[in-house]
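Encoded as structure tokens, the structure appears first; notes follow it.
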Amino acid sequence: MKYITVLGVTGSIGMQTVDVVKNHCERFKIVAMSAGYNIEKVEEILKIVEVEHICVVKKEDANYLQAKYPDKKVYYGNDGLVKIATLDEVDIVLNAIVGFAGLVPTIEAIKAKKDIALANKETLVVAGHIITKLVKEKGVKLLPVDSEHSAIFQSLNGENSKEIKKIILTASGGSFRDKSREELIGVSVEEALNHPNWSMGAKITIDSATLFNKGLEVIEAKWLFDVDYNQIEVLIHPESIVHSMVEFIDNSIIGQLGNPDMRLPIQYALTYPNRDVLVGGESLDLAKVMTLTFKKPDYERFRALKLAFQAGIDGGSMPCVLNGANEQANELFRSGKIEFLQIEELVEKALACHEKIENPTLNELIDIDSWARNFVLNEIGED
């Protein structure tokens, strides 16, 4: 039996993790879970799986849950997150928190020698230098949950990482993949949230439309697989069937294919190094798919991707600025306060105005993240 903490349980990845655990209750048990503000969904989950430890954001929500479920241990805030990420009985922490907020609990879980199933890509984007060093020191596994990085991880099974020629990250192209830059002027939030292939949370769906998501994944791949940025290529692949590939020094390419179903990489991170039946999953029928298409991205059309590559190459604190500014701008767009194309414009300005710190500490990263968010707010006249 593998005992799991799920951080961000009420989100898309979190709920699909609950589904995987429910279908393999003989193998997995969720010991602890964290949620944001969706207490109704927390109560729904408690009807599906038995969970002893719960963490929420607000003290009043914690008090409500503790009174209603006296047999549970309920925590709140950042201290609560760290508590459930470091419980003695937990084997693996699946981090599905959205954004920078996932960083500290990941660090503390690694320090407590917990294996990490990482869906919170921002952890590696902003603090890859800290995380990778800590993982080696503590001897824990860092298992990717992103479909692309899971595909690369699977493609590298049994291979010598020194023989990697390049990593090929595939991208659906997002909601606006067929629109010109001119056609992106004035697009609505609803249009941006209409992803053609994947069912995901709102923040990541907007990131997919801008291609900031792919940019963050480029930086994540650099740290996960210890490659240089000139060894990472992005291809637009509208069918989302080939989840990513690795080309080796002999020009052989190994990739992982499957229907778009996030439960597969979630389950693989939990069962690794083994596999199990994906309950309710459908086999890929290549004869039915018939055609798989790939094309190089236009870096002027997808400027966010260009910004991410450059921030990664510049290194130091630049990826933290990229991430913090994007998180804030993404939220402003979803709130109807800025236009779609302003997201990348604001991020670009933040990067241009930041004075890089070469090897930032955790405390410095927290300050830089706050600076980037405030910079974006100030640019549009918000406090």
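In terms of the UniProt record's numbering, the sequence shown has 280 at position 280, counting the first letter as 1, and numbering is strictly consecutive. Even glycine gets a Cβ: it sits at the ideal position worked out from N, Cα and C.
Please work out which residues of its chain come closer than 8 Å, Cβ to Cβ, to residue i, disregarding the five sequence neighbours upstream and downstream, and give them in chain order.
{"i": "Gln16", "result": "Met262, Arg263, Ile266"}
{"i": "Lys114", "result": "Thr5, Ala85, Thr86, Val90, Asp91, Ile92, Val93, Val140"}
{"i": "Glu364", "result": "Ser317, Ile357"}
For residue i, which three-state DSSP category applies?
{"i": "His53", "result": "strand"}
{"i": "Thr5", "result": "strand"}
{"i": "Ile185", "result": "coil"}
{"i": "Phe340", "result": "coil"}
{"i": "Phe248", "result": "strand"}
{"i": "Glu348", "result": "helix"}
{"i": "His129", "result": "helix"}
{"i": "Leu142", "result": "strand"}
{"i": "Glu354", "result": "The displayed chain sequence assigns His, not Glu, to residue 354. Coil at His354, not helix or strand."}
{"i": "Gly258", "result": "coil"}
Between the Cα of residue i and those of the options, spot the shortest distance and give me the residue it belongs to.
{"i": "Ser147", "options": "Ile185, Gly258, Phe176", "result": "Gly258"}
{"i": "Ile39", "options": "Phe294, Lys58, Glu137", "result": "Lys58"}
{"i": "Glu60", "options": "Leu346, Val74, Arg181", "result": "Val74"}
{"i": "His24", "options": "Gly80, Leu278, Ser188, Val31", "result": "Leu278"}
{"i": "Ala127", "options": "Lys113, Lys114, Ile107, Lys111", "result": "Ile107"}
{"i": "Tyr76", "options": "His53, Ser180, Ile168, Leu94", "result": "His53"}
{"i": "Asn9", "options": "Val187, Ala85, Lys222", "result": "The sequence given here places Val at residue 9; Asn does not occur at that position. It is Ala85."}
{"i": "Ile131", "options": "Val104, Gly99, His149", "result": "Val104"}
{"i": "Asp226", "options": "Lys166, Ser188, Glu239", "result": "Lys166"}
{"i": "Ala119", "options": "Lys111, Tyr299, Glu137, Ala96", "result": "Ala96"}
{"i": "Tyr272", "options": "Lys141, Glu327, Glu339", "result": "Lys141"}
{"i": "Val49", "options": "Lys22, Ser34, Asn63", "result": "Lys22"}
{"i": "Met1", "options": "Glu26, Ala352, Lys114", "result": "Glu26"}
{"i": "Ile204", "options": "Gly312, Arg181, Glu122", "result": "Glu122"}
Tell me which same chain residues have a C-beta within less than 6 Å of the C-beta of residue i, skipping the five on either side of it?
{"i": "Ala192", "result": "Ser175, Ile206, Ala209"}
{"i": "Ala269", "result": "Ala117, Leu143, Val145"}
{"i": "Ser12", "result": "Met200, Gly201"}
{"i": "Gly36", "result": "Val57"}
{"i": "Arg181", "result": "Arg301"}
{"i": "Gly14", "result": "Val6, Gly8, Ala96"}
How big is the Cα-Cα spacing for residue i and residue j?
{"i": "Ile116", "j": "Lys162", "result": "24 Å"}
{"i": "Thr5", "j": "Val135", "result": "18 Å"}
{"i": "Ile368", "j": "Gly315", "result": "14 Å"}
{"i": "Val90", "j": "Asp178", "result": "45 Å"}
{"i": "Lys47", "j": "Lys72", "result": "13 Å"}
{"i": "Leu235", "j": "Leu211", "result": "12 Å"}
{"i": "Lys337", "j": "Ile219", "result": "28 Å"}
{"i": "Leu341", "j": "Phe294", "result": "25 Å"}
{"i": "Ser335", "j": "Asn78", "result": "25 Å"}
{"i": "Glu345", "j": "Leu322", "result": "11 Å"}
{"i": "Asp88", "j": "Ala109", "result": "10 Å"}
{"i": "Phe302", "j": "Met318", "result": "19 Å"}
{"i": "His354", "j": "Glu382", "result": "19 Å"}
{"i": "Asn330", "j": "Thr291", "result": "33 Å"}
{"i": "Leu307", "j": "Asn213", "result": "12 Å"}
{"i": "Ile343", "j": "Glu379", "result": "12 Å"}
{"i": "Leu286", "j": "Asp250", "result": "27 Å"}
{"i": "Val18", "j": "Ser370", "result": "32 Å"}
{"i": "Phe28", "j": "Lys296", "result": "40 Å"}
{"i": "His129", "j": "Ala67", "result": "42 Å"}
{"i": "Phe153", "j": "Ile45", "result": "30 Å"}
If residue i sits next to residue j, beta carbons under 8 Å apart, how far is it from one beta carbon to the other, in whole angstroms?
{"i": "Thr170", "j": "Ser283", "result": "Thr170 to Ser283, Cβ: 20 Å. No contact."}
{"i": "Lys83", "j": "Lys111", "result": "13 Å between Cβ atoms; not a contact."}
{"i": "Glu233", "j": "Ile185", "result": "Incorrect: roughly 29 Å between the Cβ atoms, too far for contact."}
{"i": "Leu7", "j": "Ser34", "result": "5 Å"}
{"i": "Lys222", "j": "Gly280", "result": "Between Gly280 and Lys222 the Cβ distance is about 34 Å, and since that is not below 8 Å, they are no contact."}
{"i": "Leu305", "j": "Gly215", "result": "5 Å"}
{"i": "Pro260", "j": "Asn359", "result": "Not quite, the Cβ-Cβ distance comes to about 38 Å (not below 8 Å), so this is no contact."}
So, at 7 Å on beta carbons, what are the nonlocal neighbours of residue i in its own chain, with the 5 sequence-adjacent residues on each side left out?
{"i": "Gly255", "result": "Ala151, Ser155, Val242, Ser244, Met245"}
{"i": "Ala350", "result": "Val321, Ala325, Ala372, Phe375, Val376"}
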